[in-house]
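Below is one structure, written out as structure tokens; the observations come after it.
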Amino acid sequence: MFNNKSVSQNFMQQAPPDRNTSEEERFQDDYYSYLESPENTPRYKPTVCFLNDAFPEESFSLLDLGCGNAALCKYLPERCDYLGIDHSELAIERCLKLFPQRKFVAADLSVKLAQMVEQNQKFDAIVMAGLLFHSTDKNTLEKKDDQEIIEFCLQKLVSDRGYLVIIVPFCYGNHPNHTLFARAELLQKLVNSMVEKAQGSMVYGNISLLTGLDERVRGQKTTPDWFVADSNADYANIYVGTYMAAWTFISSLKPEIGPYS
Numbered sequence: 003m004f005n006n007k008s009v010s011q012n013f014m015q016q017a018p019p020d021r022n023t024s025e026e027e028r029f030q031d032d033y034y035s036y037l038e039s040p041e042n043t044p045r046y047k048p049t050v051c052f053l054n055d056a057f058p059e060e061s062f063s064l065l066d067l068g069c070g071n072a073a074l075c076k077y078l079p080e081r082c083d084y085l086g087i088d089h090s091e092l093a094i095e096r097c098l099k100l101f102p103q104r105k106f107v108a109a110d111l112s113v114k115l116a117q118m119v120e121q122n123q124k125f126d127a128i129v130m131a132g133l134l135f136h137s138t139d140k141n142t143l144e145k146k147d148d149q150e151i152i153e154f155c156l157q158k159l160v161s162d163r164g165y166l167v168i169i170v171p172f173c174y175g176n177h178p179n180h181t182l183f184a185r186a187e188l189l190q191k192l193v194n195s196m197v198e199k200a201q202g203s204m205v206y207g208n209i210s211l212l213t214g215l216d217e218r219v220r221g222q223k224t225t226p227d228w229f230v231a232d233s234n235a236d237y238a239n240i241y242v243g244t245y246m247a248a249w250t251f252i253s254s255l256k257p258e259i260g261p262y263s
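Each residue of the sequence shown is one higher than the one before, starting from 3 at the first, in the numbering used here.
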């Protein structure tokens, strides 16, 4: 499951920047602290607003894949039956301290998702926030197949009334091929194509600017790999940028059930 035949290979024409520290080490410092900042709120709010409208005044289950430091939890209502999964033990330790009322599991996604299917588990919402293009095998660092993950979730784990939420944060600057609009259009076409191949339909889309996040990052001890200080820089690769935005794509196998249908 989740081999390395990635549909996004054409998009990833250049290798991501070298990381001098492991993911576990990055969770020990403030590398990911920007995820919890108020400036990062627009990354999550469109999803929460949609789910509140889709499941008004009733409980719903949510699976947060690659939950990281569980920043999404800050915005979810209490009636949400939440489960966060990440392969980083340090990340899960931090999540349990921050949100002791929520459920978290440290596990490889390939293994855990297959177990859930065997147990016939279903979720009303599956969220992939920042997971697309970044899912790797913890031990081998081999990149996993984004197309297969999307198909697996939509076809086998989303409930009959449920949704797959794909949140794609992306960097941009003033470089001609790296503007907000150029990056947003490229990502929209790519994600729409993957969802269509998984036989899903888009029921909602939103793009949010993470205004002021660049200032927040400048104040961190550790600078994330995506950040460059000069928006006019001739970027070394397609991953870095001064500013950040987030695309929210919400899909379903039954588009007629969407709250805005």
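Backbone N, C-alpha and C fix where the C-beta goes; we use that ideal spot for every residue, glycine too.
Model, not experiment: these values are computed from the prediction.
Supposed close pair residue i, residue j - CB separation, criterion 8 Å
| i | j | result |
| --- | --- | --- |
| S63 | F154 | Not quite, the Cβ-Cβ distance comes to about 17 Å (not below 8 Å), so this is no contact. |
| L212 | P40 | That belief does not hold up - the Cβ atoms of L212 and P40 are roughly 10 Å apart, past 8 Å. |
| D83 | G68 | Wrong, their Cβ atoms sit about 19 Å apart, outside the cutoff. |
| D216 | H177 | At roughly 15 Å, the Cβ-Cβ gap does not stay under 8 Å, so D216 and H177 are not in contact. |
| V170 | V193 | 7 Å |
| L92 | D66 | With a Cβ gap of about 17 Å, L92 and D66 do not count as contacting. |
| Q123 | L159 | 7 Å |
| N71 | E38 | 6 Å |
| S35 | Q222 | 6 Å |
Top-ranked residue by Cα proximity to residue i, from the options
| i | options | result |
| --- | --- | --- |
| I128 | R96, E26, F251 | F251 |
| D147 | Y262, L134, D110 | L134 |
| Y174 | T225, G221, I151, N234 | N234 |
| R220 | E26, D32, R28 | D32 |
| G164 | S210, E258, E25, Y36 | E258 |
| T181 | A131, L98, G243 | G243 |
| L78 | Y46, L67, A231 | Y46 |
| V50 | A73, A93, A247, Y34 | A73 |
| Q30 | L53, A56, F52, E95 | E95 |
| S210 | F172, N71, P261 | F172 |
| S254 | S161, N179, V230, K76 | S161 |
| R218 | E27, N42, Q117 | N42 |
| V113 | L100, I151, A131, K76 | I151 |
| A131 | W249, A116, K256, L111 | W249 |
| A116 | L98, R104, Q157 | Q157 |
| E26 | F57, A108, I240 | A108 |
| Y245 | N239, A238, A231, K256 | A231 |
| N179 | M118, E198, Q149, Y241 | Y241 |
| K99 | C75, D110, E80 | C75 |
Opening and closing residue of the alpha helix (DSSP H) in which residue i lies
| i | result |
| --- | --- |
| L65 | No alpha helix (DSSP H) holds L65; the beta strand (DSSP E) holding it covers 62–67. |
| C51 | 47–56 |
| F29 | Run containing F29: none; DSSP gives neither H nor E here. |
| D216 | 215–220 |
| A116 | 111–120 |
Which residues DSSP lists as bridging residue i, in chain order
| i | result |
| --- | --- |
| Y262 | Per DSSP, none; premise fails for Y262. |
| M130 | L67, I168 |
| F154 | In DSSP, F154 forms no bridge with anything. |
| K160 | According to the sequence provided, residue 160 is Val. The question's Lys does not apply to it. According to DSSP, which records beta bridges pairwise, V160 is partnered with F125. |
For residue i, the first and last residue of its enclosing beta strand (DSSP E)
| i | result |
| --- | --- |
| F251 | 245–254 |
Residue i at chain D interface by Cβ criterion, 8 Å
| i | result |
| --- | --- |
| L188 | Chain labels in this structure do not include chain D; a single protein chain is all it has. |
Of all the beta strand (DSSP E) runs that stay within the bounds of the stretch 164–211, which reach a length of 3 or more residues? 203–211
Where in the stretch 68–107 do unbroken runs of the beta strand (DSSP E), each at least 3 residues long, occur, reported from the N-terminal end onward? Here the runs fully enclosed are 82–88.
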